[in-house]
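Going by my numbering, the first residue of the sequence shown is number 477, and it counts up by one from there. All C-beta atoms in this analysis are idealised placements derived from N, C-alpha and C, irrespective of residue type, glycine included. Remember, it's a predicted structure, so these values are computed and weren't measured experimentally. Working notes for the structure below.
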Amino acid sequence: MKKVKLVLGGGSAYGLAHIGVIKALKEHYEISSVIGTSMGAIIGACLACGYEAEEMLDLAEDVSTLELFNPLNLDFSRSGIFDGKAILKKFEDWTDSREIENANIPYIAVAYDLTRQASILIDKGSMADAMRASSSLPFIFAPHELGDYQFVDGGVSHPLPLAFADELPGDITIAVNVLPHVANQAEHYKANTAKAPNKLLRYDVFMQSLMQNQGFMAIQSILDLEPDILVDAHQPKLSFTDIKKAREFFDFGYEQAQGAISDHTQPDFAPKLRASYEQFLSRFIHKSR
């Protein structure tokens, strides 16, 4: 059985699909190491701590949006909305306050440090701190401070951290992208529309904008670094806020992973994958000239 270094991307609630992907992969491979960003770092930590996929699903279904974004945890500083203390405590409970050095398999969380203005690979110390640092969305959570580091979400620079896969052991690299597909078409502006736009919450405005940018960055990473297997596990019928629909994300991730594994056995898989992404990116390049 081949050993896999698993790369899990960010994507808020979309990242719950990682759990179903893990279930499918374990039916065919041995996952020997994992690196993740944001939700990918959270799911990856649970995997590294020995949770089976169904156990991770139980954790996800037990967490409500209200608990994670409790108004009592509001941080009225300029750096963020929520202080993140409640979610850090949840991570400590899930990992039993384990150190990364004591994980079942090698684990890395990717975060971005505002002090150094650089991506940081967290591969030692508190597992819970690594999870919190990697998932610290700017303007939503206050930066997670560890020593002189001020960590924000790793997706700021590496929403799908394929660039660091060689830091981990394994025979093949499998990457899981859950970010929305970047639109390759546009509509023309229509003047004098009578209908007023729907009012969006500040969180919705920020997240929709962020995910479009990160989606494009993920595609560039896939094209440049070419994982052995790519699982496209973005569920377009659900929202990044649908954290209570963990089972639906799980089922979708499982199905997508099974399909990707099956496709990988075809000899022309890699050339077709590269050609499809090159064609996609060329549309943007040509239009920008």
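Within 8 Å, strictly: CB atoms of residue i and residue j
i: L575; j: S611; result: Position check: residue 575 holds Glu in this sequence, whereas Leu was assumed. Result no, Cβ atoms of E575 and S611 do not sit closer than 8 Å.
i: A517; j: A606; result: yes
i: K481; j: S514; result: no
i: N689; j: G485; result: no
i: I511; j: E724; result: no
i: W570; j: L533; result: no
i: I557; j: I596; result: no
i: A489; j: S715; result: yes
i: V483; j: G729; result: no
i: A604; j: L638; result: no
i: F692; j: V658; result: yes
i: P582; j: P635; result: no
i: G487; j: L655; result: yes
i: T649; j: P703; result: yes
i: A722; j: E531; result: no
Rounded C-alpha distance that separates residue i from residue j
i: S577; j: I584; result: What sits at residue 577 in the sequence shown is Glu, not Ser. The alpha-carbon atoms of E577 and I584 are separated by roughly 10 Å.
i: E506; j: M477; result: 6 Å
i: Q711; j: F726; result: 10 Å
i: H762; j: V707; result: Annotation note: pLDDT 49 at H762 (below 50); position unreliable, no value reported.
i: A641; j: D559; result: 31 Å
i: T591; j: S738; result: 44 Å
i: H494; j: V586; result: 16 Å
i: R765; j: G491; result: Only weak support exists for where R765 lies, its pLDDT of 46 falling under 50; the coordinates are left without a value.
i: L622; j: A694; result: 27 Å
i: K499; j: Y625; result: 35 Å
i: A562; j: K666; result: 45 Å
i: H740; j: I698; result: 15 Å
i: K479; j: A733; result: 16 Å
i: D700; j: D647; result: 19 Å
i: D589; j: L523; result: 25 Å
i: H620; j: D629; result: 9 Å
i: A504; j: I519; result: The sequence given here places His at residue 504; Ala does not occur at that position. Going by the C-alpha atoms only, they are around 19 Å apart.
i: L686; j: A618; result: 17 Å
i: I719; j: L501; result: 23 Å
i: K713; j: E731; result: 15 Å
i: I705; j: E568; result: 32 Å
i: R608; j: Q696; result: 26 Å
With 16 other Cβ atoms within 10 Å as the buried cut-off, status of residue i
i: N580; result: exposed
i: A521; result: buried
i: S633; result: buried
i: Q572; result: In the sequence under discussion, the amino acid at residue 572 is Asp, which differs from the Gln named in the question. Label assigned to D572: exposed.
i: G464; result: In this structure the chain extends from 477 to 765, so residue 464 is not present and cannot be described.
i: K600; result: exposed
i: A433; result: The structure shown has nothing for residue 433, since the chain only spans 477 to 765.
i: K566; result: buried
i: A594; result: exposed
is_contact[residue i, chain D] using C-beta, thresh 8 Å
i: D572; result: In the structure shown, chain D cannot be found, because there is only a single protein chain.
Residue(s) in a DSSP beta bridge with residue i
i: Y425; result: The question about residue 425 has no answer here: the residues shown for the chain are numbered 477 through 765.
i: I616; result: I616 pairs with nothing; no bridge assigned.
i: D572; result: In DSSP, D572 forms no bridge with anything.
i: K481; result: S509 and T649
i: E503; result: BP columns for E503 are empty, so no partner.
i: S595; result: Y588
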